[in-house]
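These protein sequence lines are chains F and X, in that order.
Terminal number for the first sequence in our numbering: 177, no gaps in between.
Terminal number for the second sequence in our numbering: 387, no gaps in between.
Glycine included, each C-beta is placed from N, C-alpha and C at the ideal position.
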Amino acid sequence: MAKITFITHDGKAHVVEIAVGWSLMEGAVKNGVLGIDADCGGACACATCHVYIDPAWTASLPPKADTEEAMLDFALVTSPNSRLSCQIRVTSDMDGLIVRLPVSQH
Amino acid sequence: MSERLIIVGAGQAAAQAVQSLRAEGFDGPITLIGDEAWPPYQRPPLSKAYLLGSFARERLFLKSDQFYRESDCTLILGARVAAIHRAEKTVELADGRKLAFDKLLLTTGTRVRRLRCPGADLAGVHYLRDIADVDGLQAVFRPGARIAIVGGGYIGLEVAAVAAKRGLDVTVFEAMDRLMARAVSGPVSDFFAAEHEKSGVKLKLRTGVEAIEGDGRVEGIKAGGQAYPADIVLVGIGVLPKDELATRAGLASQDGIVVDGNGRTGDPAIFAAGDCTRHIGREGTAIRLECVQNAIDQARHCALAIAGKPASYSEVPWFWSDQYDLKLQIAGLARAGDQIVLRGDPAARKFSVFHLRGGIVAAVEAVNAAPDYLAGRKWIADGARIAAEKLADPSIPIKQMA
Ligand SMILES: Cc1cc2nc3c(=O)[nH]c(=O)nc-3n(C[C@H](O)[C@H](O)[C@H](O)COP(=O)(O)OP(=O)(O)OC[C@H]3O[C@@H](n4cnc5c(N)ncnc54)[C@H](O)[C@@H]3O)c2cc1C
Ligand code: FES
């Protein structure tokens, strides 16, 4: 388990415990965190699970695959700390990670 | 005054409705009644990763238990609603309990269409709709077993792909002259047919099933006048809306509970969403969709209306299917007579088919080409006009086309 904090665009923080091996997207969606649509169910094929990783954490996460990079091209208002949350599998090292959510996925 | 809401049917649309109702500020008590043993779960993995065994059961559930607690949503599971009493505004459960509502949301989904030929009741004939069905199928999924799949639609073909991967001997029987004929265009059908054959799946097109044969349990299948030995039969020949609660309560159904753009039935207190409904689609004709997109979007629109913020539903339908390492993604509804434009090369196992209607993008089918699908979906929503020559030219990046 890792405790992850999701901060929605209006500044509300949701702390969610996510099982190791699950994706950040699954943890957020199952716990009703608003702001992630995840239309494709985590297949890296929709770009509606876009999040911003807290700058303190970006370097310690596994890097993006080419497919994630290609999909991020379709997300709205991206920045260098943009990621697709379905592509990040939770590890125990991620305990304390802070993730911010965009205003909209579409 | 806060209103009491009852949701009948604990599936994809129901889970979305609970989330959207709370997000939109609905503050009355919510009771969710489902006849399966489980809280709402995703069905798509049932014929894909879950059947293959590469997706744990806990991951099927759409929401955590904590979500329902925090949403102040009472779950009544393993309970079937037997009747709606509109005059007294109650629902009656099969065990005789009655529950009162101010607003009612029906998300009852579909049931599988049953095979009606001799031998259809033999042991060894399977269907695939819920978790219990997969558990039953997995128990007999042994390498070398001969599986006859009746129906070359999405479900049949997804099961065929998993079965082939697991080392079963697979034959698909399809009455039409091509695979997924109701849902995809010719080039996509042909591509998937070739892929299945490459994996050793035998395809019998234009071959209607006449009987299942066996003494007490399946031993073979008779189709197109010929006998084929089989140990397992999997039937995937479509679904029918569960609309009988609504029709018995006097609500209109035309192969789907009739709802307006806010998900409302003929009774202003009763809404319906998902596979069980029929609505006027964005192209102006009445349609019944069977997909996650429609379940989610209709549930959201019902929630908006129930929370007093009605907005009319006109989202672009989308769908996907996974077979082997191929991801098929579809947006929009194709129609006979559309101009078909191929982008990319099917031989490279990465291509898309665009459908233009009067020059405007009406639908896209993409195979391992998510960017084409995403661009297409947006163009359909915007009613964009894209030249066929440009679409067909893979040297022009999809993002630079509009
Ligand atoms: C194997 C399979 C694979 C699929 N793959 C895809 C896919 O890849 N992509 C896609 O978009 N869609 C797919 N679908 C379709 C998708 O799952 C459905 O469109 C979606 O589940 C519809 O949601 P719903 O809420 O309308 O109905 P459901 O999720 O079916 O939920 C309805 C629930 O209501 C319950 N119920 C019915 N009547 C009563 C009653 N009287 N009392 C109590 N409970 C009741 C039912 O038992 C059921 O649990 C697939 C479906 C199946 C079966
Ligand atoms: S859920 Fe679709 S890309 Fe992440």
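Check: Cysteine 111(F) Cβ short of 7 Å to ligand 2 heavy atom set; Outcome: yes
Check: Whether valine 277(X) touches histidine 264(X) by CB criterion (8 Å); Outcome: no
Check: Residues in the stretch 100 to 125 of chain F having any Cβ partner in chain X nearer than 9 Å; Outcome: Val100, Lys101, Asn102, Gly103, Leu105, Asp108, Asp110, Cys111, Gly112, Ala114, Cys115, Ala116, Cys117 and Ala118
Check: Sufficient close CB pairs (3 or more, under 8 Å) joining the stretch 328 to 346 of chain X to the stretch 281 to 301 of chain X; Outcome: no
Check: Classification of isoleucine 315(X) by the beta-carbon crowding that lies within 10 angstroms, buried from 16 upward; Outcome: buried
Check: Beta carbon of leucine 143(F) nearer than 8 Å to that of leucine 155(F); Outcome: yes
Check: Euclidean distance between Cα positions of aspartate 162(X) and proline 126(F); Outcome: 55 Å
Check: Beta-carbon proximity of threonine 270(X) to isoleucine 242(X), cut-off 8 Å; Outcome: no
Check: Beta-carbon neighbours of serine 49(X), restricted to chain F and to distances below 7 Å; Outcome: Lys101 and Asn102
Check: Nearest-angstrom beta carbon gap, alanine 366(X) and arginine 326(X) [assumed within contact, 8 Å]; Outcome: For the sequence presented, residue 326(X) should be read as valine rather than arginine. Between alanine 366(X) and valine 326(X) the Cβ distance is about 19 Å, and since that is not below 8 Å, they are no contact.
Check: Contact under 8 Å by Cβ, isoleucine 116(X) with alanine 215(X); Outcome: no
Check: Minimum Cβ-Cβ distance from glutamine -3(X) to chain F less than 8 Å; Outcome: no
Check: Rounded separation between isoleucine -8(X) and phenylalanine 256(X) - CA only; Outcome: 9 Å
Check: Interfacial residues, the stretch 135 to 164 of chain F to chain X, with Cβ spacing under 7 Å; Outcome: Ala141, Met142, Asp144 and Phe145
Check: Local conformation of proline 134(F) per DSSP, three classes; Outcome: coil
Check: Within the stretch 148 to 179 of chain X, ranges of the alpha helix (DSSP H) (whole runs, at least 4 residues); Outcome: none
Check: Exposure label - lysine 88(X); buried when at least 16 CB within 10 Å; Outcome: buried
Check: Endpoints, the beta strand (DSSP E) within which valine 352(X) is located; Outcome: 345 to 352
Check: First through last residue of the beta strand (DSSP E) which encompasses glutamine 308(X); Outcome: 303 to 308
Check: Threonine 119(F): CB within 7 Å of a non-hydrogen atom of ligand 2; Outcome: yes
Check: 8 Å Cβ shell around glutamate 275(X) - same chain, five flanking residues per side excluded; Outcome: Thr95, Val224 and Asp260
Check: Valine 194(X) vs cysteine 58(X) beta-carbon contact at 8 Å; Outcome: no
Check: Inter-residue Cα distance where the pair is isoleucine 169(F) and threonine 119(F); Outcome: 19 Å
Check: Residue range of the alpha helix (DSSP H) that includes phenylalanine 52(X); Outcome: 50 to 55
Check: Nearest to glutamate 9(X) (by Cα), restricted to the options Ala296(X), Glu77(X), Pro253(X) and Arg249(X); Outcome: Ala296(X)
Check: CB contact check: glutamine 4(X) to chain F, cutoff 8 Å; Outcome: yes
Check: CB contact check: leucine 190(X) to chain F, cutoff 8 Å; Outcome: no
Check: Nearest to proline 172(X) (by Cα), restricted to the options Val144(X), Val346(X), Arg114(X) and Lys335(X); Outcome: Lys335(X)
Check: Length at least 3, wholly inside the stretch 123 to 168 of chain F: the beta strand (DSSP E) runs in chain order; Outcome: 153 to 155
Check: Ranges of the beta strand (DSSP E) found wholly within the stretch 75 to 137 of chain X, counting only runs of at least 3; Outcome: 75 to 78, 83 to 85, 88 to 91, 95 to 97 and 131 to 135
Check: Same chain, Cβ closer than 8 Å to aspartate 12(X), neighbours up to 5 away in sequence not counted; Outcome: Ser(-13)
Check: Isoleucine 140(X) beta carbon near ligand 1 (any heavy atom closer than 7 Å); Outcome: yes
Check: Where alanine 146(X) falls: helix, strand or coil (DSSP); Outcome: helix
Check: Opening and closing residue of the alpha helix (DSSP H) in which tyrosine 358(X) lies; Outcome: 355 to 367
Check: Contact check, leucine 230(X) vs aspartate 252(X), beta carbons under 8 Å; Outcome: no
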